[in-house]
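All remarks here apply to the structure that follows.
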Amino acid sequence: MTTFRIHPAIGIARVGNSDGYVIAPETMAGSPPADGSKLTGGLPIRPGTASESIRSSDLRDASGALKRHAARFRLFSYKDSTSETWPRGDGDEVRIGDTVDGRKIADIIWTVHVANKKTNWFVLAEEDDKPQGIASYADGNLPDIRNPSLTQTGAPQPVDKLAVLALPDRLRKLVIDPGPRVISGKSADPVRFDAQTSAKYFDIARGATVEIPHYPKSFPCDELGQIESPSGLIDSLGELRTDSFGRLLVLGGRGRAVAWKIAGKSPLDDDVNNDQWFDDTSDGPVSATIVFDDGTRESAHGAWVTTTDPSFAPQILNVVSMWDDVYDVWVRQLELAPEIFDGSSEVYRETYKPTFDDQIAPILRSASQQHWIANLGQTGISAHAALAKITATTDPTGTSLAGLSAVFRDPSQNQTSNTTLMPLHLGDAGEAMLSLRKTQHFFLSQWNKGIGHFLAGAGSKLGPGEFLDKASLVNCIGGRLSPGIDLTFVMREPALYELPWKTSGGGPFRIRARALAYDANLVGDKAFLSVGYVPRHDDQLGLEPGDLSKFMALPWHTDYNSCATHPPDPAVPGNRTVFWSWPAQRPVAVYDASQLGWGPHSLDDSTNVFQLGPQLWSVRGWGTDAADAENWGRYQERKDMLYNWHRIGTVLQSPAIEPPIQHIEGDQQDITNAPEDWYLEVESQLRDTGRTPVTPFPNYATEITLPDTAQLGATPDSLNPNAVRELFYQLLNVDEYPGALRNARRYVEFWLKWAEAFSLNPAKASYDRMFFPFSAPALEARMQLIYQELSDDADAPDADPLFKTPADMVTRIKQFTPLNLLDGAWLRNIARTGPTDEVRALLFSIWMDEFGDGEVSKNHCNIYLDLCHSVGFYPPSLSSREFAFDTDFLDSAFTVPTFELAISQFTEDYYPEILGMTLQLEWEVLGLKPTRDLLVNFGLNPHFYVMHIGIDNAVNGHGRRALDAVLLYLQSIQEAGGSNGVAGAWRRIWNGYVAFGQIGSFGSDLYNLIKNPSSLKQRMIEMIKSKADFGSRNHQTHTLGGMPINELFAVPEQFLNIMVTSGLLTPGDWENSRLNQLIQFQTGPMFRVFTDDEIALLSDYTLSLSSPPKPTPPKGLPAAAAMEAVINQLKPQQVGTAGHTAHSLKDDSGIDHTVSWWFDQSPRTFMKALALPLNNFISPGNPAASAFFTHWIAPGGPMGNVFDAAAVASPGMTCRAVVERWITKGCPLTDEVIRMLRLTTPSTKRARHRTGRLYGMGSVH
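Quick note on the UniProt record's numbering: the sequence shown kicks off at 1 and runs consecutively.
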């Protein structure tokens, strides 16, 4: 018995704007040349040929339009079997005229039905706080739907999302469905998926093609509203053709996108989810009926076709392809290869030996090709190119991959946030960076064990149909399927496929098609297709047309545009490097074939060779230029991609380029061809502007992330501190970075909005920062209140100051350097040409004093730099990148300096805010008195602070001038615009005042740095991490503690422990430690590996190993605030407890109230009652004499189990430990109002603070 199957099981067609086409590749991208060819696999095929690869002249038609890729489907016959394995290795193609089992094939009748359901589907879930990818459909979840309303924007999401998607009106208007089509015979005329061509299907039972004259076809139309069509209406999803053997060719759409307008608009403001839009990609089932000359018929096991984006680098292999994803799922979950994976124990078989050619080499080959489509630096190019030289006879232990864990992320470990490992590609939903698939990594791990653990050559030979199945998926991206661009995450779902594959007769990898009840009598007023396949919900009936492509971006153009480079998402703390999405499918940076040069060889200048020109962005030209690295190489307005996608060039191997690239010398006698292993861009219709040159990797994100200010939560400096450092650097060199001004304005706007929200939030802001309506007396009163509090704090003795030692004060001096070397910068553009007024004159006089009135010795920044030098600190030049990224500075040390640099770029736009900033800094200088006194006590130079206290005074110094300037300015506003004008101006002034004083976390971070400095162990771990990039590749086969040293860099804490247990470090004795000998000039191979500071750290850490560990001081809130937090934490479970209604505490008047009643009062009131002598519960200062502590909440006491709980607001402490600390401290109560916290706030006042949160710099200098 013979069965028939269509191959490939999943075929890929690609859009183009030409009527012409080429045939989609049937070889695997990057595979070695075959049959004497010079060309690697992945090239499309010339129409009318079996396998002749295209040349560059075939990419476009005579008009310059980009040709489509036709998916070619063939029929194969197989001997039937009761059960099968994969690969079978057999199968014969059958065509019209061939004989099978004595019967001649008279005809092959193909039925195809494609549709596009994107517009009536769910969004791709991208929010960090919600499930993403397949998880957004699991456990009863569903993402939001696209277009919740067809007539209004911003409509709420429905409660029953599936019911809304199934509404007949939506299915009729939002699903593009031309209906099924039939084609047969050899070289048949095209059958189009348009509105004019009749819908037809082949009824195998009747043996006839049946027309459906009134099939409910649907295309985007004016019924939705006015249609916007940038490149033409979507009136077709492509067509069917057959070749001279009766094989099927499926051609897709023309790459169009259209939208209907609501209120005259059709915004395109998202990379993936755009309501109101359609595109003309599609997918659907492919079936075939074989008609024999004796009148009998046989059905073939069906296939699926999907139409997606163009392929602009067809020969470059993806690091993780769709094949890798699908194969991994089938190996681990569907018993495709039990010799590799034990499904019962769910582990890989360590005895399996992967085959080099097909299971190892593609991983290496893909990495070696990346520099042709990505902007790798020269070091990266060399490192990647070296991988291509690894062969089946190479000993893995002698390669750069030795110690695999130090090179590739292990997908079975949580390493997706490690940006130092390979691949240098962004990860899938919820994963910052890409990992190899688990089966890929297993193969590589086995190979990495060395010779004898893998086999040379390829594995079992694929049958010709099986080869097509694999090739089709190899040529699509995998891994980063959020959503990807060809196919997406549902390809990993076992329920997607026809099962059981071993006995179905169809083999593996076939999409389970839903049975469709076609009927000649269908009427056109009701949609034929339904919502269809819903993963993890409705996934048992199979897929309808449109059910694969609906998960993709809408329109695909915006996703393609954006997926060049990005910072990782989720964000990786401390990272600012941008990485590639999927450059093999979406080239980022390319070498233009027309820009090759001819010149001396780099190693032998007597020989001339071809030379590559500069890299260009693949997407370039008008509308693509950008200042920020994360926006390079794409259109800055998404809609521009709709007009220009087909103008992008294609990267081809040089022998495929016509005319050939040659250098000819003499009389046509000496011809040199471009290197055969170069992959160059051809046929681009985009012209570079030259304004955004390609910069080699690494590139750094500079765009400021702007979170919501309403919750006063995440801020730009906390989300991406390195972007703030970069902006600081660019603003000090703004002539070189004019594009920084956009980021600067965004940064300023965020913090001013934050300051306004902060000043209206009594739960966060101190009472002296709360906004108040303006009047001159009210302003004077507020300023006097602030001044008096500063005076009180300055005069109060402090038994426990933050800065206790000269070393503490040196730390303060260092950390304030970014701010104080910019003293006055917020006023640097206050002067302007022409007449001036009194307000500006006052501000300019302050600026002149800050600048030193022309005297170098009086310049405030110079004075501070002298202070730095006096304590042995010599910072890099202020305007240098070394300064901006000096890791000795806290990240938050740049928040306020960057803000003042940014706002001063727009002095006229933010004039009221700058007035407020001036008032804040100059008025609050009295807060420097404690710092001045400490400097004197420590024998350090106080001149910078003495000088400021003098000139900034509030009587006749800068403080008074600033207040006068504000009053004069508001008076002028009153005269010009009345009270409403004054109210608006005052709101802005106070925003500036609050922003300058309160933004960022520097004060809090410095406080923690002094109180809880990084442990020597943590500093050692950070040093190991900093050495990992090179260290993990430099130790060849050397081991430590039985582990390869290269691999230990991936586990720094374990590495540190092994350094001690292996004798590399001798506890307490650095001088005689083996590591110390290794770094000496005379004896050490590691001489100059460590800086002097790092050697000092090694010494200190080694000495500390012989000392007992110091107790870790408590972190979190002060004692009183921590106690309040515990009461609030326990309150929900304690209010109704039976015991609390039986026991009571007295109030100040001696009246008893139940404990349950006290829990309903404010925490401060409850704490006061607990400590009241009348109640005899607590002896302040003495926990051991406090019955509340020794009996009631003791481990065995009535409430012991409750107070065993971890204190949420006090990390590392139980609720009981918080109570003990509160009693020990004397049972302090918090202040009834939130007061301002500064670095010099007396410790007794800090202990009473209600939140313990220090906002802003903590000091004006």
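Quick reminder that beta carbons are idealized off the backbone N, C-alpha and C, glycines included.
Only a predicted model underlies this, so the values are computations on that prediction, with no experimental measurement involved.
query                                                                                                            : result
CB of leucine 240 within 7 Å of CB of valine 291, strictly                                                       : no
Alpha carbon of phenylalanine 1030 to alpha carbon of asparagine 273, nearest angstrom                           : 41 Å
Meets three-Cβ-pair contact criterion under 8 Å: the stretch 815-835 and the stretch 886-905                     : yes
Cα-Cα separation, glycine 246 to serine 184                                                                      : 7 Å
Euclidean distance between Cα positions of residue 1262 and proline 1013                                         : Residue coverage of the chain in this structure runs from 1 to 1261, which leaves residue 1262 outside it and unanswerable.
Nearest candidate by alpha-carbon position, reference alanine 62, set Thr709, Pro762 and Tyr21                   : Tyr21
Residue environment, tyrosine 767, which counts as buried when at least 16 other CB atoms sit within 10 Å        : exposed
Leucine 934 in three-state terms, based on DSSP                                                                  : helix
Residues sharing a beta bridge with tryptophan 260, DSSP                                                         : Ile227
Contact check, aspartate 177 vs alanine 115, beta carbons under 7 Å                                              : yes
Glycine 1212 - partner residues in DSSP beta bridges                                                             : Per DSSP, none; premise fails for glycine 1212.
For proline 338 and serine 83, the rounded distance between their alpha carbons                                  : 15 Å
Residue range of the beta strand (DSSP E) that includes threonine 650                                            : 650-653
Per-residue burial, glutamate 908 [other beta carbons within 10 Å of its own, 16 or more giving buried]          : exposed
Alpha carbon of tryptophan 330 to alpha carbon of isoleucine 485, nearest angstrom                               : 22 Å
Those residues which DSSP pairs with asparagine 116 across a bridge                                              : Ile176
Entirely enclosed alpha helix (DSSP H) segments - the stretch 879-943, minimum 4 residues                        : 881-884, 895-904, 911-923 and 929-937
Environment of aspartate 891 [buried if 16+ CB atoms lie within 10 Å]                                            : buried
Segment limits, beta strand (DSSP E) that includes aspartate 673                                                 : Sequence inspection shows asparagine at residue 673; the aspartate mentioned does not correspond to that position. Where asparagine 673 is concerned, the enclosing beta strand (DSSP E) stretches over 670-673.
Buried or exposed (CB count within 10 angstroms, at least 16 for buried), lysine 804                             : exposed
Enclosing alpha helix (DSSP H) for leucine 426 [first to last residue]                                           : That residue, leucine 426, is in no alpha helix (DSSP H); it is neither H nor E in DSSP.
Buried or exposed by the 16-neighbour rule on C-beta atoms within 10 Å, applied to tyrosine 969                  : buried
Proximity winner among Leu719, Gln662, Thr895 and Val982, relative to phenylalanine 774 (alpha-carbon distances) : Val982
Residue of Thr49, Arg103, Phe1189 and Leu1097 minimising C-alpha distance to alanine 1171                        : Phe1189
Rounded Cβ spacing between arginine 488 and aspartate 328 (contact assumed at less than 8 Å)                     : Here residue 488 turns out to be threonine, not arginine, going by the sequence shown. Threonine 488 to aspartate 328, Cβ: 15 Å. No contact.
Inter-residue spacing [alpha-carbon to alpha-carbon] between glutamine 1080 and tyrosine 1101                    : 18 Å
Residue burial classification, glutamate 855 (beta-carbon count within 10 angstroms, cutoff 16)                  : exposed
One or two residues paired with tyrosine 700 in a DSSP bridge                                                    : Thr577
Residues bridged to valine 966 [DSSP beta-bridge criterion]                                                      : Bridge partners of valine 966: none, in fact.
Short Cβ contact (7 Å threshold) for aspartate 280 with leucine 237                                              : yes
Cβ distance (whole Å) where histidine 958 is taken to contact aspartate 849 below 8 Å                            : 7 Å
Alpha-carbon to alpha-carbon, alanine 1207 and aspartate 1148                                                    : 29 Å
Residue span of the beta strand (DSSP E) that contains residue 1266, given as start and end                      : Not covered by the structure: residue 1266. The range shown for the chain is 1 to 1261.
Proximity test, glycine 1116 beta-carbon vs the ligand GDP heavy atom, cut-off 6 Å                               : You won't find the ligand GDP in this model; it holds no ligand whatsoever.
Residue span of the alpha helix (DSSP H) that contains proline 285, given as start and end                       : Segment 282-292 is the beta strand (DSSP E) holding proline 285; no alpha helix (DSSP H) there.
Of the listed residues Ile664, Gln1133 and Arg437, nearest to phenylalanine 610 (C-alpha basis)                  : Ile664
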